[in-house]
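Undergrad:
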Amino acid sequence: MSRQPVFLSDGVVAGLLRYEELIPRLEEALGKFSLRRSSELLQPVRSVMPLQNHSGFLGLMPSYMPNEGILCTKMLTFYRREAGSSLPSTQASVLLFDPEYGNVTAVMDGLDITHKRTAAVSAISAKLLKPAQLDILCILGSGHQALSHYEVFTLLFSFKEVRVWSRRMESATRFAASVKGPVTVCSSVKEAVNGADIIITVTSSSEPV
Ligand SMILES: NC(=O)c1ccc[n+]([C@@H]2O[C@H](COP(=O)([O-])OP(=O)(O)OC[C@H]3O[C@@H](n4cnc5c(N)ncnc54)[C@H](OP(=O)(O)O)[C@@H]3O)[C@@H](O)[C@H]2O)c1
Numbered sequence: 182m183s184r185q186p187v188f189l190s191d192g193v194v195a196g197l198l199r200y201e202e203l204i205p206r207l208e209e210a211l212g213k214f215s216l217r218r219s220s221e222l223l224q225p226v227r228s229v230m231p232l233q234n235h236s237g238f239l240g241l242m243p244s245y246m247p248n249e250g251i252l253c254t255k256m257l258t259f260y261r262r263e264a265g266s267s268l269p270s271t272q273a274s275v276l277l278f279d280p281e282y283g284n285v286t287a288v289m290d291g292l293d294i295t296h297k298r299t300a301a302v303s304a305i306s307a308k309l310l311k312p313a314q315l316d317i318l319c320i321l322g323s324g325h326q327a328l329s330h331y332e333v334f335t336l337l338f339s340f341k342e343v344r345v346w347s348r349r350m351e352s353a354t355r356f357a358a359s360v361k362g363p364v365t366v367c368s369s370v371k372e373a374v375n376g377a378d379i380i381i382t383v384t385s386s387s388e389p390v
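Numbering (the numbering used here) for the sequence shown: 182 to 390.
(1) Compute the Euclidean distance between the alpha carbons of Ser190 and Leu216, then round it to the nearest angstrom.
(2) Considering only their Cβ atoms, is the gap separating Leu197 from Lys297 smaller than 8 Å?
(3) Rounded to whole angstroms, what is the Cα-Cα separation between Lys371 and Ser339?
(4) What is the rounded straight-line gap between the Cα of Gly265 and the Cα of Gly250?
(5) In chain order, what residues of the same chain lie with their CB nearer than 6 Å to the CB of Gly240, ignoring the 5 residues before and after it?
(6) Among Ser385, Ala210, Glu202 and Met242, which has the Cα closest to the Cα of His325?
(7) Where does the unbroken alpha helix (DSSP H) through Ala300 begin, and where does it stop?
(8) Three-state secondary structure (DSSP) at Ser220?
(9) Within 10 Å of its beta-carbon, does Tyr282 have 16 or more other beta-carbons around it, so buried, or fewer, so exposed?
(10) What does the alpha-carbon distance come out to for the pair Pro186 and Met242?
(11) Are the beta-carbon atoms belonging to Phe214 and Leu203 less than 8 Å from one another?
(12) Report yes if the C-beta distance between Thr299 and Ser329 is below 8 Å; otherwise report no.
(13) Run the CB neighbour count on Phe188, radius 10 Å, all protein chains shown included, and call it buried at 16 or more, exposed below.
(14) Does ligand 1 have even one heavy atom less than 7 Å from the beta-carbon of Ala307?
(15) So the candidates are Cys253, Glu263 and Ile294; which of them puts its Cα closest to the Cα of Pro280?
(16) Compare the C-alpha of Phe334 against each of Gln224, Ile380 and Ser220 and name the closest.
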């Protein structure tokens, strides 16, 4: 109980967190959440506080699995950034507690956890809801979530074509050049979504694109 918390930096977390292990654990947790048994999992709706001087928000996202002795919370800040801003839109930390004593046992950079968890949950939904034919993947947006969604969707499924559209063509082109497989860069949303079997929407837009 008296031990200092360990600190896991973004690089360490990114090296440890693998979709192959994350997806089954998340599937299990989502199942427990759906059962709504407080002995299994408690996860209240995240509380969000506006940072009105900075077009941003602070979000607190606690979770407790009593039977497994897991108590943690993610703390997240997110901001509306100007187009072309080099500042991150999202930053996050995850705190792990000892549920018996209440002390913090680990402080983890939460950005890779955010990227991979969000994408993995989308992929789990797609696995359960996907159409019989799965040829074309369309991604609207080209930021961090676009990348993590690309990674997990191409890991789980085999697509004949992957398309990307982004508000700025150069972002879409950069995205296409940064991933391993071939990606078609589309110049309009209509071109990107037409005939697609799965459409992933990962822009920061508050308006429909
Ligand atoms: N549900 C969750 O758990 C969860 C977790 C993390 C993130 N998110 C959400 O996922 C979205 C993307 O996050 P991210 O981390 O990938 O952000 P990011 O790396 O900053 O990328 C933002 C993307 O949104 C595009 N974009 C920004 N403003 C736009 C606008 N007004 N119209 C059209 N496109 C716009 C950008 O396009 P250009 O580069 O072409 O300008 C870029 O592709 C955000 O809405 C975020 O809140 C959800």
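From the three backbone atoms N, C-alpha and C, an ideal C-beta is built for every residue, glycine too.
TA: Put simply:
(1) 34 Å
(2) no
(3) Straight through space, the alpha carbons of Ser339 and Lys371 are spaced by roughly 23 Å.
(4) 43 Å
(5) Arg227, Val229 and Leu257
(6) Ser385
(7) Leu292 to Leu310
(8) coil
(9) exposed
(10) 20 Å
(11) no
(12) yes
(13) Counting Cβ neighbours within 10 Å, Phe188 comes out exposed, since fewer than 16 surround it.
(14) no
(15) Cys253
(16) Ile380
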